[in-house]
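Listed in order, the protein sequences are those of chains A and B. Residue numbering for the first sequence is 434 to 645, as defined by our numbering. Residue numbering for the second sequence is 434 to 645, as defined by our numbering. Worksheet for the structure shown next.
Protein chains: 2
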Amino acid sequence: MPYHHDMTSRPAVSLAQRKRQLVVDELTEAAFQLLTARGFDAVTVDDIATDAGVSKRTFFRYFASKEDVVVRFLADLGTGIREGLAARPADERPSAALRAAVGAPLAHCGDRGDRALRVVQLILRTPALRARLLEHQDRWRDELTEELAVRLGLDTRTDLYPRLAAGMALTAFGAVLERWSESDGTADPTALTDRAFAVLAPSLDAPSLDTV
Amino acid sequence: MPYHHDMTSRPAVSLAQRKRQLVVDELTEAAFQLLTARGFDAVTVDDIATDAGVSKRTFFRYFASKEDVVVRFLADLGTGIREGLAARPADERPSAALRAAVGAPLAHCGDRGDRALRVVQLILRTPALRARLLEHQDRWRDELTEELAVRLGLDTRTDLYPRLAAGMALTAFGAVLERWSESDGTADPTALTDRAFAVLAPSLDAPSLDTV
DNA sequence: GGCTTCGGTGTCACCGAGTGTCAAGACGCG
DNA sequence: CGCGTCTTGACACTCGGTGACACCGAAGCC
Numbered sequence: 434m435p436y437h438h439d440m441t442s443r444p445a446v447s448l449a450q451r452k453r454q455l456v457v458d459e460l461t462e463a464a465f466q467l468l469t470a471r472g473f474d475a476v477t478v479d480d481i482a483t484d485a486g487v488s489k490r491t492f493f494r495y496f497a498s499k500e501d502v503v504v505r506f507l508a509d510l511g512t513g514i515r516e517g518l519a520a521r522p523a524d525e526r527p528s529a530a531l532r533a534a535v536g537a538p539l540a541h542c543g544d545r546g547d548r549a550l551r552v553v554q555l556i557l558r559t560p561a562l563r564a565r566l567l568e569h570q571d572r573w574r575d576e577l578t579e580e581l582a583v584r585l586g587l588d589t590r591t592d593l594y595p596r597l598a599a600g601m602a603l604t605a606f607g608a609v610l611e612r613w614s615e616s617d618g619t620a621d622p623t624a625l626t627d628r629a630f631a632v633l634a635p636s637l638d639a640p641s642l643d644t645v
Numbered sequence: 434m435p436y437h438h439d440m441t442s443r444p445a446v447s448l449a450q451r452k453r454q455l456v457v458d459e460l461t462e463a464a465f466q467l468l469t470a471r472g473f474d475a476v477t478v479d480d481i482a483t484d485a486g487v488s489k490r491t492f493f494r495y496f497a498s499k500e501d502v503v504v505r506f507l508a509d510l511g512t513g514i515r516e517g518l519a520a521r522p523a524d525e526r527p528s529a530a531l532r533a534a535v536g537a538p539l540a541h542c543g544d545r546g547d548r549a550l551r552v553v554q555l556i557l558r559t560p561a562l563r564a565r566l567l568e569h570q571d572r573w574r575d576e577l578t579e580e581l582a583v584r585l586g587l588d589t590r591t592d593l594y595p596r597l598a599a600g601m602a603l604t605a606f607g608a609v610l611e612r613w614s615e616s617d618g619t620a621d622p623t624a625l626t627d628r629a630f631a632v633l634a635p636s637l638d639a640p641s642l643d644t645v
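Structure below.
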């Protein structure tokens with residue numbers, strides 16, 4: 434963070450940065466408007482950019498791809514899970530810790546319902562976006578694996594447990610997300626998460642029979 | 434399978450079909466040659482097509498995308514898993530049935546090692562291809578979920594178990610595949626699969642506490 | 001105030017993936 | 001031989017994405 438000098442000016446963010454944020458917002462808003470209305474493939478990047486009042490080139494200065502505009506919402510989710518796990522007490526059972534880590538973002542989704550729901554539905558129903566989500570989950574799983582390994586003092590190269598536990602947690606995450614989306618927001622994410630982890634707990638908490 | 438008429442001609446496939454197969458083989462071979470040598474992004478579809486002696490347009494008549502050439506190998510794997518599960522005795526414990534279903538293709542991979550290994554490594558290490566693999570797994574999971582539901586007489590809409598069990602099985606699949614790839618084929622897929630399912634078994638076989 | 005510097009922007013040219021179209025050739029059949 | 005059918009190559013086109021360059025406006029320094 435380059436805080437050039439002492440900042441007599443008020444906010445910690447410069448004018449330029451606020452302008453950037455403005456463009457991001459404008460682009461995001463235009464994208465959602467068009468994508469939810471017409472569907473993912475029927476909208477070109479040019480459409481979005483023009484609608485937001487900038488050029489196509491500028492769009493790509495802010496977003497890596499067309500998918501990125503939508504999927505960016507999920508980036509926070511992933512780091513949320515990892516940090517959520519790191520924040521749990523070290524002696525907590527894995528099932529409880531993972532349940533809490535996965536459940537927090539999910540509950541957060543369920544709260545401010547409408548907006549989040551429409552995003553999730555758009556993602557799950559659009560193949561290209563769904564694929565992006567899967568990529569993200571793949572990365573999250575790696576991070577969770579790492580976090581679990583240090584938490585339990587296991588070696589990622591010899592023990593399968595961290596990898597499998599992370600995969601199970603994200604399986605639960607995906608299942609809950611899908612149910613919630615399919616129920617159009619009627620189902621309660623927290624309750625679903627509880628049920629999912631009730632199923633997974635026996636394996637998550639079993640003493641590791643895995644060490645060679 | 435259209436066996437048009439009585440087949441006085443020898444093989445069940447017509448000349449046209451054999452020609453098609455020839456093009457497919459040629460294209461596939463050229464693709465592997467170039468992709469493994471130069472990497473995925475450094476090879477254009479034109480390169481592959483020209484190398485195989487056909488036009489770019491023809492390439493797309495045989496393969497849906499550049500990724501498709503490589504990933505097509507995996508299609509069989511997925512159906513193999515589902516059919517493998519369907520073939521297991523109905524009274525077998527889920528953990529055992531799934532272990533067998535997932536283990537078969539994996540073992541098959543491990544056997545004829547070199548070729549399969551290089552494909553898997555190429556896929557796992559190339560982001561675009563890895564993404565495709567994830568998409569496939571996503572579909573496999575749906576199919577496995579369905580198969581498990583009918584097998585156990587559960588309803589996919591109310592019970593989470595089939596979905597979670599399918600996810601766990603594929604988590605194991607992915608973990609084994611990755612280990613095997615990273616070990617350059619030294620690790621034994623069957624042994625890895627056994628270890629993975631030893632971890633998952635408690636949840637897979639636990640009586641469902643899930644029904645509302 | 002003039003000056004430069006620098007980040008953000010638009011324009012344009014470009015590449016590669018993927019698709020529609022059409023005309024031409026190869027094959028099967030009467 | 002001539003007639004449909006199937007496959008192919010050539011071409012043009014769209015769209016996602018990138019590189020190069022010129023421009024402008026907001027600081028910074030004198």
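Beta carbons: idealized from backbone N, C-alpha and C, even for Gly. Everything numeric in this text was worked out from a predicted model, so none of it was measured.
Cβ neighbours of residue i in the same chain (closer than 7 Å, five flanking residues each side left out)
i: B:Ala534; result: Ile514, Gly517, Leu518 and Arg521
i: B:Ala530; result: Leu518 and Arg521
i: B:Gly600; result: Arg574
i: A:Leu633; result: Ser528, Met601 and Ala605
i: B:Arg551; result: Thr469
i: B:Pro635; result: none
i: A:Val609; result: Leu539, Pro622, Leu625, Thr626 and Ala629
i: A:Asp638; result: Arg526, Pro527 and Ser528
i: A:Arg612; result: Ala620 and Leu625
i: B:Val457; result: Tyr495
i: B:Glu462; result: none
Where residue i falls: helix, strand or coil (DSSP)
i: A:Thr578; result: helix
i: B:Ala559; result: The amino acid at residue 559 of chain B is misidentified as Ala; the sequence shows Thr. B:Thr559 falls in the coil class under three-state DSSP.
i: A:Tyr536; result: The question names Tyr, but residue 536 of chain A in the sequence shown is Gly. Three-state DSSP puts A:Gly536 in a helix.
i: B:Ala482; result: helix
i: B:Glu525; result: coil
i: B:Leu637; result: helix
i: B:Ser616; result: coil
i: B:Asp588; result: coil
i: B:Val476; result: coil
i: A:Phe496; result: coil
i: B:Asp621; result: coil
i: A:Arg545; result: coil
i: B:Val487; result: coil
i: B:Leu507; result: helix
i: B:Asp439; result: Any answer about B:Asp439 is weak, because its pLDDT of 36 lies below 50 and its placement is not dependable; what the coordinates show is given next. In the structure shown, B:Asp439 sits in coil (DSSP, three-state: anything other than H, G, I, E or B).
i: A:Val645; result: Bear in mind that the predicted position of A:Val645 carries a pLDDT of just 48, short of 50, making it unreliable; the figure below should be weighed with that in mind. Of the three classes helix, strand and coil, the one that applies to A:Val645 here is coil, per DSSP.
i: B:Ala520; result: coil
i: B:Met434; result: With a pLDDT of 35 at B:Met434, under the threshold of 50, the modelled position of this residue cannot be trusted; read the value that follows with caution. Note: B:Met434 maps to coil in three-state DSSP.
i: B:Leu455; result: helix
i: A:Gln450; result: helix
i: B:Ala468; result: Reading off the sequence shown, one finds Leu at residue 468 of chain B, where the question assumed Ala. If DSSP states are grouped into helix, strand and coil, B:Leu468 belongs with the helices.
i: B:Leu593; result: coil
Contacts that residue i makes with chain B (C-beta to C-beta distance below 7 Å)
i: A:Arg596; result: Ala608
Beta-carbon contacts of residue i that lie in its chain and below 6 Å, excluding the five residues immediately before and after
i: B:Ser614; result: Val553, Gln554 and Leu557
i: A:Thr512; result: none
i: B:Ala602; result: Leu531 and Val535
i: A:Thr596; result: Residue identity differs from the one stated: residue 596 of chain A is Arg in this sequence, not Thr. For A:Arg596, where only same-chain residues beyond five positions count, the Cβ hits under 6 Å are Thr578.
i: A:Arg566; result: It is worth fixing the name first, because residue 566 of chain A is Leu in this sequence and not Arg. Correct list, in chain order: Ile556.
i: B:Leu510; result: Pro538
9 Å Cβ cut-off: residues of chain B touching residue i
i: A:Ala463; result: Those do not exist, as A:Ala463 stays about 26 Å from chain B at its closest Cβ, beyond 9 Å.
i: A:Glu600; result: According to the sequence as given, residue 600 of chain A is Gly; it is not Glu. Result: Gly600, Met601, Leu603, Thr604, Ala605, Gly607 and Ala608.
Closer than 9 Å at the beta carbon, the chain A residues around residue i
i: B:Ala529; result: Residues of chain A passing the Cβ test: none, with the nearest at roughly 15 Å.
Own chain, CB closer than 8 Å to residue i, minus 5 neighbours either side, in chain order
i: A:Leu562; result: Phe473, Glu500, Val503, Val504, Leu555 and Ile556
i: B:Leu460; result: Ile481, Ala482, Ala485, Val487, Phe492, Tyr495, Phe496 and Val502
Contacts that residue i makes with chain A (C-beta to C-beta distance below 7 Å)
i: B:Leu593; result: Ala608, Arg628, Ala629 and Val632
At a cut of 8 Å, does the stretch 533-550 of chain B reach the stretch 621-636 of chain B through at least three beta carbon pairs?
-> A contact exists between the stretch 533-550 of chain B and the stretch 621-636 of chain B.
Contact residues within the stretch 624-641 of chain A, judged by C-beta distance below 8 Å to chain B | If the cut-off is 8 Å between Cβ atoms, the stretch 624-641 of chain A has Leu625, Arg628, Ala629, Ala631, Val632, Leu633, Ala634, Pro635, Ser636, Leu637, Ala639 and Ser641 near chain B.
contact_flag[the stretch 588-606 of chain A, the stretch 490-498 of chain A] where n(CB pairs < 8 Å) is 3 or more | The stretch 588-606 of chain A, when compared against the stretch 490-498 of chain A, does not touch it at the 8 Å Cβ threshold.
Anything in the stretch 568-588 of chain B with a Cβ closer than 7 Å to a Cβ of chain A? List those residues in chain order, please.
-> Along the stretch 568-588 of chain B, going in chain order, the ones with a CB nearer than 7 Å to a CB of chain A are Glu568 and Asp571.
With 9 Å as the C-beta to C-beta threshold (strictly closer), list the residues of the stretch 536-563 of chain A near chain B in chain order.
-> Within the stretch 536-563 of chain A, Pro560 and Arg563 place their CB atoms closer than 9 Å to a CB of chain B, listed in sequence order.
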